[in-house]
Amino acid sequence: MIKYETVIGLEIHAQLKTESKMFCSCDNYSVDAKPNENTCPICLGMPGTLPVPNKKAIEWVYLLGLALNGKIAEKFNFERKNYFYPDLPKAYQITSSTKPPVIGGRVEIETEGVIQNIRINHIHLEEDAGKLIHPKLGEYSLVDLNRAGTPLLEIVTEPDMRAPREARIFMQDLRSILRYLSISDANMEQGNLRCDANISLRPVGQKELGTKVEIKNINSFKMIERAIEYEVERQMELLGENKKVVQETRGWDESKGKTLGQRSKEEANDYRYFPEPDIPPLEPYSGKEIDFDEIKAWLPELQKEKSQRFINEYNLSTQDAEILTSDLELSRYFEQTLEELPDITKNDEIKKQKAKKVSNWIISEVLAKLNLAGISISDCKVNHKDLAELLDKADHGEISGKIAKEIFAEMFETGKNSEQIIKAKGLSQISDTGAVKVMITEVIKENQGPVSDFKAGKEKAFGYLIGQVMAKSRGQANPQVVNEILKDLLDKE
Amino acid sequence: MRKITKEQVEDLAKLARLGLTDAEKTSLAREMTVILEYSMLLDEVDTKGVQPTSQTTELKNIFRKDCKVISDIDINEKLQNAPVKEKSFIKVKKVLE
Ligand SMILES: [Zn+2]
Chain P
1 MIKYETVIGL
11 EIHAQLKTES
21 KMFCSCDNYS
31 VDAKPNENTC
41 PICLGMPGTL
51 PVPNKKAIEW
61 VYLLGLALNG
71 KIAEKFNFER
81 KNYFYPDLPK
91 AYQITSSTKP
101 PVIGGRVEIE
111 TEGVIQNIRI
121 NHIHLEEDAG
131 KLIHPKLGEY
141 SLVDLNRAGT
151 PLLEIVTEPD
161 MRAPREARIF
171 MQDLRSILRY
181 LSISDANMEQ
191 GNLRCDANIS
201 LRPVGQKELG
211 TKVEIKNINS
221 FKMIERAIEY
231 EVERQMELLG
241 ENKKVVQETR
251 GWDESKGKTL
261 GQRSKEEAND
271 YRYFPEPDIP
281 PLEPYSGKEI
291 DFDEIKAWLP
301 ELQKEKSQRF
311 INEYNLSTQD
321 AEILTSDLEL
331 SRYFEQTLEE
341 LPDITKNDEI
351 KKQKAKKVSN
361 WIISEVLAKL
371 NLAGISISDC
381 KVNHKDLAEL
391 LDKADHGEIS
401 GKIAKEIFAE
411 MFETGKNSEQ
421 IIKAKGLSQI
431 SDTGAVKVMI
441 TEVIKENQGP
451 VSDFKAGKEK
461 AFGYLIGQVM
471 AKSRGQANPQ
481 VVNEILKDLL
491 DKE
Chain U
1001 MRKITKEQVE
1011 DLAKLARLGL
1021 TDAEKTSLAR
1031 EMTVILEYSM
1041 LLDEVDTKGV
1051 QPTSQTTELK
1061 NIFRKDCKVI
1071 SDIDINEKLQ
1081 NAPVKEKSFI
1091 KVKKVLE
């Protein structure tokens, strides 16, 4: 029995969130636009128009190249990839795969504690095609060219992945990098991050690659693993029966849970690439147009670095640090809330203690509510200042932890701050020893049984009495104050 | 001598979505061979070390600022070349996914 090894390479497309399109000044944000509204003679492919590259899109490709340790090519040029399809107005796509702007690079991924380098073959820049809609009823399709001309990055990996899980982890890491660089929304479900997988099997120990099959239509993170797993099994079965794997493109059908053979867009698959005559070549290192010092200055702390820093600086657990840095905005929210707290700069110990409290709060309260509401932190009505104020109140015993959570729930719903809610509801914690004393005296009078139990040495009775006092105060008494006074009064009984 | 065959003309016609009659294919194969022959004059020149020419303007690094401009062209005017429309979509023959 021959043992086979799985070999996976990915081709990833990510739309850049520039303000305007790749080669024209049309609005690049079309979520609320009417079909074909964001188009112009250039992206509609009218004769006589001249495409001019968007400088930001080019700078962002270099930014990603630097983040992935790729080499910036001294020269690159756009080219035409020719094919007919209704979503492609010019009958060619302007791309740059032959002489790409970034060559090489790598992404370090970690699977079950093992660190692995996934090499990048190259990154190139191109324009997206339009969108086709296929109404269920009716023998026609509809074309919307708002997306035609959106800047699109293509990231091509080397065939370095050996398991479906590695492909999923790679995609998650890449998504995080794209989001931390703030160059793409990188949302697979919304189609601004897309992934095709090349999959082949080879006998263990063999150097040459087996026949590869390309899987398209993977449009969620869940699907990456499932689609590749299915395809590996399909190929394994073929090889087990001494059949050949046919080189082809297959589409993942989520409802059937299968990959299915696809008819190729261009049957002859001959794209007749040639250099784009309308766009002069690009030499980023010559002249002053591209400022690499500036681009390097844009490089942010990426998720892995930030997570490590949270562990070192705030003494957070690996798990908590990873949760807080899973979303750039969330990591900012955490640090901003922390910085807002008084005394934070006093010393490292205090900082670590407070960081732990803020982290617990964000993970167990804020995130839980966000997940339940299905929104992200940027849509949260509670800003970091208001959260810090609430936590500070709880910290100083002005309100109990339980009340703090109730107040937070209302802040989350209404966007009011804690001060407003406390005033409106009279929720301030009772720390006034006089008021607490009165309540305790009453409780002692009303519960003579438990009091004598306690005197007889039954510790449990003490807890019961505390509970009675808290109930009397409707949860507003400061538990610590209650504890002290109750002990005191019972001793005197 | 390189010759353009009728099969090559058929392949190209298919890629360019051109319907050609048999007579057109034959004559095109002949004409294209002549054109190719003419361009093969270049084979006689020593081009060692000469970069292929795809640009003659000698320009480089031409960009525009990332700035959106809302088009003042009406959507109907933009779509006037579309043979069939539905609302502001362009309607085409059913495309297989
Ligand atoms: Zn345009």
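Heads up: the sequence lines are chains P and U, in that order.
One point on numbering: in the numbering used here, the residue at position 374 of the first sequence is 374, and numbering is uninterrupted.
Position in the second sequence counted from 1, then plus 1000, gives you the numbering used here.
We put the beta carbon where it would ideally sit given N, CA and C, even for glycine.
Assuming residue i and residue j make a contact with CB atoms under 8 Å, what is their CB distance in whole Å?
i: P:Val232; j: P:Leu201; result: 7 Å
i: P:Tyr62; j: P:Pro300; result: Not a contact, Cβ separation roughly 15 Å.
i: P:His122; j: P:Pro89; result: Wrong, their Cβ atoms sit about 27 Å apart, outside the cutoff.
i: P:Pro86; j: P:Ser141; result: 7 Å
i: P:Asn28; j: U:Ser1088; result: Actually they do not touch by this definition, with Cβ atoms about 18 Å apart.
i: P:Ser418; j: P:Glu389; result: 6 Å
i: P:Lys17; j: P:Ser184; result: 6 Å
i: U:Lys1006; j: U:Lys1025; result: 5 Å
i: P:Val451; j: P:Ile444; result: 6 Å
Less than 7 Å between the CB of residue i and some heavy atom of ligand 1, yes or no?
i: P:Cys195; result: no
i: P:Cys24; result: yes
i: P:Cys380; result: no
i: P:Lys21; result: yes
i: U:Cys1067; result: no
i: P:Gly45; result: no
i: P:Thr98; result: no
i: P:Ile290; result: no
i: P:Gly149; result: yes
i: P:Thr39; result: yes
i: P:Ile42; result: yes
Pick from the options: whose alpha carbon is nearest that of residue i?
i: U:Ile1075; options: P:Ala14, P:Asn82 and P:Leu145; result: P:Leu145
i: P:Asn117; options: P:Leu174, P:Glu446, P:Gly130 and P:Leu132; result: P:Leu174
i: P:Ile2; options: P:Gly240, P:Tyr464, P:Val469 and P:Ala435; result: P:Gly240
i: P:Gly149; options: P:Asn54, P:Pro281 and P:Glu158; result: P:Asn54
i: P:Asp504; options: P:Phe84, P:Ile12 and P:Gly374; result: Because chain P is modelled from 1 through 493, residue 504 of chain P falls outside the range shown and cannot be assessed.
i: P:Glu214; options: P:Glu237, P:Arg250, P:Ile183 and P:Asn187; result: P:Arg250
i: P:Thr259; options: P:Arg234, P:Tyr464 and P:Phe274; result: P:Arg234
i: U:Lys1085; options: P:Ile109, P:Ile375, P:Glu112 and P:Val143; result: P:Val143
i: P:Glu112; options: P:Glu340, P:Arg165, P:Gly467 and P:Val102; result: P:Arg165
i: P:Ala73; options: P:Asn82, P:Arg80, P:Ile58 and P:Lys81; result: P:Ile58
i: P:Gly257; options: P:Ser286, P:Glu225 and P:Lys244; result: P:Glu225
i: P:Asp128; options: P:Ser20, P:Met161, P:Lys207 and P:Asp386; result: P:Ser20
i: P:Ile311; options: P:Arg272, P:Pro275 and P:Lys356; result: P:Lys356
i: P:Leu330; options: P:Gln353, P:Ile362, P:Ala197 and P:Glu110; result: P:Ile362
i: P:Val246; options: P:Asn198, P:Lys458 and P:Pro281; result: P:Asn198
i: P:Glu289; options: U:Pro1052, U:Asp1072 and U:Phe1063; result: U:Phe1063
Looking at the strands, I want to know which residues DSSP matches up with residue i.
i: P:Leu152; result: P:Gln15 and P:Glu126
i: P:Met46; result: According to DSSP, P:Met46 bridges with nothing at all.
i: P:Gly261; result: P:Arg250
i: P:Glu335; result: P:Glu335 is not bridged to any residue.
i: P:Val213; result: P:Ile199 and P:Glu248
i: P:Met161; result: P:Ile8
i: P:Asp27; result: P:Ser20
i: P:Asn117; result: P:Glu108
i: P:Ser141; result: U:Val1092
Run the CB neighbour count on residue i, radius 10 Å, all protein chains shown included, and call it buried at 16 or more, exposed below.
i: U:Leu1041; result: exposed
i: P:Phe23; result: buried
i: U:Cys1067; result: exposed
i: U:Glu1031; result: exposed
i: P:His384; result: buried
i: P:Asp379; result: exposed
i: P:Asp491; result: exposed
i: P:Ile115; result: exposed
i: P:Ile399; result: buried
i: P:Asn347; result: exposed
i: P:Gln480; result: exposed
i: U:Leu1059; result: exposed
i: P:Asn46; result: Correcting the residue type first, residue 46 of chain P is Met in the shown sequence and not Asn. P:Met46 comes out exposed.
i: P:Leu153; result: buried
i: P:Lys423; result: exposed
i: P:Ala67; result: buried
i: P:Ala268; result: Only weak support exists for where P:Ala268 lies, its pLDDT of 49 falling under 50; the value from the coordinates is given anyway. Under this definition P:Ala268 is an exposed residue.
i: P:Asp488; result: exposed
i: P:Val31; result: exposed
i: P:His124; result: buried
i: P:Gln303; result: buried
i: P:Glu413; result: exposed
I'd like to confirm something about residue i: is its beta-carbon nearer than 7 Å to some heavy atom of ligand 3, or not?
i: U:Ile1070; result: Ligand 3 is absent from the structure shown, which contains only ligand 1.
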